[in-house]
Amino acid sequence: MSPRSEAGRPASPPAARSGRYRLLPYLLLLPGAAWLFLFFVVPLVQLAAASLYDPTGSLSTGYALTWAFGNYPTALQAYWPQFGRSFLYAGIALVLALLMGYPLAYAIAQKAGRWKNLLLVCVIAPMFTSFLVRTLAWKTILSDNGALVGLLRDVHLLGPDGRLLATPVAVVLGLTYNFLPFLVLPLYASLERLDRRLLEASSDLYASPLTTFRRVTLPLSMPGLIAGTLLFFIPATGDYINAELLGTPNEYMIGNVIDSAFLVRLDYPQGATLSFLLMSAILAVVFGYLRRTGTEEIL
Amino acid sequence: MRSAHRPFTRRGLLTGTLGSAALLTAGGTLTGCGTPAAQQTEEGCVSEDLSGTEKTLAFSNWPQYMDVDEDDESKRPSLDGFVSRTGIQVTYTEDINDNNEFFGKVQNQLAACQSTGRDIMVLTDWMAARMIRLGWIQKLDRSKLPNVEANLLPSLRNRPFDAENQFAVPWQSGLAGLAYNGRVTGEIRTVDELLTRPDLKGKVTALSEMRDTMGLLLMSNGHDPADFTAAQFDDALNKLKRAVDSGQIRRFTGNDYAPDLARGDIAACVGWSGDIIQLGFEDERIRFVAPDSGVLLWSDNMLVPNQASHKANAEELINYYYDPAVAAQLAAYVNYICPVQGAQAEMEKIDPELAANPLIFPDETMLARSRVFMALDEQQEREYESKFQQVIGA
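Protein chains in written order, with this note's numbering: chain H, 1 to 299; chain G, 300 to 693.
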């Protein structure tokens, strides 16, 4: 390949050119890298340092960096239920969102015809209003005296005193709803590129629709599926608005604890420690997931 | 393939980036060592007063905490009155929505003795107490506040966190007590009923504001929130914990309990008088209850932060709002407890019904029942707040 590709170009000293080419990508990366460094790496380092501050320090006396690694076991011991709950709720919400989101994305991408754009707008439109407003709207929908609870009581799915608001169900529903578009959009993007001739070929080769889905559609939509699940799961795990507004203290997730550590209790070392624990836990889950699904394209 | 240089791959780049990030992190951690103390002293952080030459004032307040003209929402009659009386131009900003959030907004400047760009800010007792303790608030010149001296309600003088009335002057006050929605439940008289009555199970909320909720619980146990021991606090906290564990208490809230109470999703709650009066205007079956064991009296206070450069102008404004006629004008709009004596007589001229409302102009029995929460030092504040947060789940 190499002699042919060089043939048509004007001759120039090879060393200088390869040097220039070698630097070019890095130069192009510079603005992005500088941005990442200033707004991601620097705060991250500060947070890491804060998580190792002397836990007996305080706002008025200041905090000293004493490499207090003991902050980690202490925080984990005190708040493991909220940690578990975060992953549990986000996991259940993810499964629900997949059950709803995959057919939805498939329908929009393959079956919607001229309604495609309208349906896409319907998925995106709620994002035009604030996250908070949407969650508050759910408070009205799930309200004890609302139509939905009334209906569920009438069909005896809920007891006469039963409620949805302020239960784990409400929190999981809120998470599912709020992060669904993050799952649907990447899925849609990869399903839209799906070549229909492959499906036809599959059925020509006597594959049942189910087998076609399992062996052709699903593997081809894998990049979108993985991107979508990550975009859904990561923010859902760290979310605290849904638990705060739709749940009770018994549904609080780790985000609520971090929020209160930083803003209410002013326990900065503990807040930083919990943030780091959450970050590492999510990273571990994500890497495990990517290893299993084995997609090089994502990384 | 050109073998002259290594291909530029995503994987290579990621490895490189992660590697350098890890190195930087390690390096950065070694150099960054702690945060400095935020404590300031009067000698260490001296503010210059430019009021003599600059007739301006920057005033930060909570939303809907100032009277507006009925026909033109952009006009604020009492504030305009101040401008025309003194010639001081006021920049009025409604940028305080939450004490903790606002603290986060100004803490870096105040900890470093820099200007926040504000001359007056309005914060609740406990936050005012914290800032005073940190040395972030300027001492007021009481000789310039004759109206405050003459008209401030006696219950609001010499409060625990500002024993000599040097730093904080109440803007508006309020009560923390009980409230219920008469459409959903019968009357509620005591804190114990709220925490144990079976028909209210899962239909009760309490405030996430530790001092309000715990103050009421302490009083229901016969203790004094202005002066209690750690054991008494634990006792009251256990009572709260039992109600949380049994599912009696559904949630801990900020202001957001109000729509839930109006809808009837919650039947009864620990709430603030001002909110309940406003709900009561729309639905008379929503009532505020001052339990016999006592209610908590809190205030939002005008404070002049360090490096505010118009302290004398600020004092003029504080003094102006303690003129009973002005105070009545404000109270007629905001419906909280008016901290100014004599305003009740002025209110008779504006709206006799409001003048007779004990939740705006509390009578002797109400005031006798009300207490101000004790001032906590940093250690206590953290200890109590952590214990309380554990119980309310965060």
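Ideal placement from N, C-alpha and C gives every residue a C-beta, glycine not left out.
Have a look at the options and flag the residue whose alpha-carbon is nearest the alpha-carbon of residue i.
i, options, result
"G/T392", "G/T484, G/R375, G/T385", "G/R375"
"H/S58", "G/Y479, G/E677, G/G514", "G/E677"
"G/R488", "G/S519, G/M426, G/D622", "G/S519"
"H/G146", "G/E486, G/R562, G/W571", "G/R562"
"G/L539", "G/D368, G/T385, G/V690", "G/V690"
"G/T385", "G/P661, G/T355, G/D366, G/V405", "G/T355"
"H/I124", "H/I108, H/V172, H/R291, H/W138", "H/I108"
"G/D523", "G/A542, G/L595, G/Q547", "G/L595"
"H/Q224", "H/L175, H/V41, H/A189", "Just to set this straight, residue 224 of chain H is Gly in the shown sequence, not Gln. When only C-alpha atoms are compared, the closest one is H/A189."
"G/P558", "H/A201, H/R193, H/A137, H/T293", "H/A137"
"G/L536", "G/T528, G/L516, G/I649", "G/L516"
"H/A75", "H/R291, H/A272, H/V286, H/Q110", "H/A272"
"G/A411", "G/R458, G/A624, G/T340", "G/T340"
"G/L653", "G/N396, G/E680, G/F580", "G/F580"
"G/S669", "G/R456, G/W425, G/T528, G/A475", "G/A475"
"G/N450", "G/W470, G/L433, G/S377, G/R432", "G/W470"
"G/S592", "G/R432, G/D582, G/E492, G/S442", "G/E492"
On the premise that residue j lies in contact with residue i, defined as a C-beta separation below 8 angstroms, what is that separation, rounded to the nearest angstrom?
i, j, result
"G/S472", "G/W597", "7 angstroms"
"G/A589", "G/M509", "Rounded, the Cβ-Cβ distance is 20 angstroms, inconsistent with contact."
"G/L578", "G/C568", "Not really, about 11 angstroms apart at Cβ, beyond 8 angstroms."
"H/N178", "H/F233", "Contact flag wrong, Cβ pair sits at about 13 angstroms."
"G/F551", "H/P249", "6 angstroms"
"G/S414", "G/H609", "Actually they do not touch by this definition, with Cβ atoms about 11 angstroms apart."
"G/R586", "G/Y479", "6 angstroms"
Could you compute how far the alpha carbon of residue i sits from the alpha carbon of residue j?
i, j, result
"H/S2", "H/Y21", "Because the pLDDT of H/S2 is 43, which lies under 50, any placement of that residue in the model is unreliable, and the number read from its coordinates should be weighed accordingly. Cα-Cα distance, rounded: 16 angstroms."
"G/T352", "H/N242", "51 angstroms"
"G/I636", "G/L616", "19 angstroms"
"H/P91", "H/A236", "Looking at the sequence shown, residue 91 of chain H is not Pro but Gly. Approximately 9 angstroms, taken between the alpha carbons."
"G/R429", "H/C122", "48 angstroms"
"H/R214", "H/M100", "18 angstroms"
"G/Q437", "G/Q531", "34 angstroms"
"G/I387", "G/N612", "7 angstroms"
"G/W435", "G/P604", "6 angstroms"
"H/R265", "H/R114", "54 angstroms"
"G/Y364", "H/T217", "59 angstroms"
"G/Y461", "G/L422", "The sequence shown places Asp at residue 461 of chain G, not Tyr. Their Cα atoms are separated by approximately 14 angstroms."
"H/L23", "H/F37", "19 angstroms"
"G/L675", "H/L185", "51 angstroms"
"G/Q547", "H/V133", "28 angstroms"
"H/L198", "H/F182", "27 angstroms"
"H/Y26", "H/K139", "49 angstroms"
"G/D574", "G/A427", "22 angstroms"
"H/Y150", "G/T484", "The sequence shown places Gly at residue 150 of chain H, rather than the Tyr named in the question. Those two C-alpha atoms are separated by around 19 angstroms."
"G/Q465", "G/D440", "8 angstroms"
"G/N399", "G/E684", "13 angstroms"
"G/G403", "G/P497", "40 angstroms"
"G/W571", "G/G514", "13 angstroms"
"G/L329", "G/Q679", "Reliability of the predicted coordinates at G/L329 is poor, the pLDDT of 49 falling under 50, and no value is obtained from them."
"H/V155", "G/L477", "35 angstroms"
"G/A525", "G/D511", "12 angstroms"
"H/R301", "H/L210", "Given that chain H is displayed from residue 1 to residue 299, the structure contains no residue 301 of chain H and the question cannot be resolved."
For residue i, I'd like the list of residues in its chain whose CB is within less than 7 angstroms of its CB, leaving aside the five on either flank, ordered along the chain.
i, result
"G/A630", "C637, A642, M646, I659"
"H/F276", "L47, A48, S51"
"G/L452", "P638, Q640"
"H/I254", "Y79, Q82, F83, S86, L274, L278"
"H/L187", "G101, Y102, A105, S221, G224, L225, G228"
Once you ignore the five residues that flank residue i on each side, which residues in its own chain have a CB closer than 6 angstroms to its CB?
i, result
"G/F358", "V389, Y391, I419"
"H/L142", "L164, L165, A170"
"G/P362", "E393"
Between which residues of its own chain and residue i is the CB-CB distance below 8 angstroms, once the five residues before and five after are set aside?
i, result
"H/P269", "A50, S51, L52, Y53, D54, P55, G57, Y63, A68, N71"
"G/L444", "V468, E614, I617, N618, Y621"
"H/L246", "T135, W138, K139, L142, L165, A166, A170, V171, L173, G174"
"G/I649", "A627, Q628, A631"
"G/E463", "N457"
For a test of your reading of the model: does the CB of residue i fall under 8 angstroms from any non-hydrogen atom of the ligand HEM? Yes or no.
i, result
"G/P362", "Absent from the structure shown: the ligand HEM. Ligands present: none."
Legend entry - the segment 45 to 71 of chain H: positions lying closer than 7 angstroms to chain G by Cβ: V45, Q46, A48, A49, Y53, S58, L59, S60, T61, G62, Y63, A64, L65
Inset, instruction - Taking a Cβ distance cut-off of 7 angstroms, strictly less, list which residues of the segment 522 to 556 of chain G are near chain H, in chain order. - result: V543, R549, R550, F551
Legend entry - Contacting positions in the segment 153 to 173 of chain H - beta carbon closer than 9 angstroms to chain G: D161, R163, L165, A166
Legend entry - chain H contacts made by the segment 388 to 415 of chain G, where a contact means CB separation under 9 angstroms: D397, N399, E400, F402, G403, Q406, A410
Inset, instruction - Please list the residues of the segment 240 to 258 of chain H that have a C-beta atom closer than 7 angstroms to any C-beta atom in chain G, keeping them in chain order. - result: T248, P249, N250, Y252, N256, V257
Inset, instruction - Closer than 9 angstroms, Cβ to Cβ, to anything on chain H: give me those residues from the segment 415 to 438 of chain G, in chain order. - result: R429, R432, L433, G434
Legend entry - Contacting positions in the segment 115 to 147 of chain H - beta carbon closer than 7 angstroms to chain G: S143, D144, N145
Inset, instruction - For the segment 558 to 570 of chain G, enumerate the residues whose C-beta is nearer than 9 angstroms to any C-beta of chain H, in chain order. - result: P558, D559, R562, G563, D564, I565
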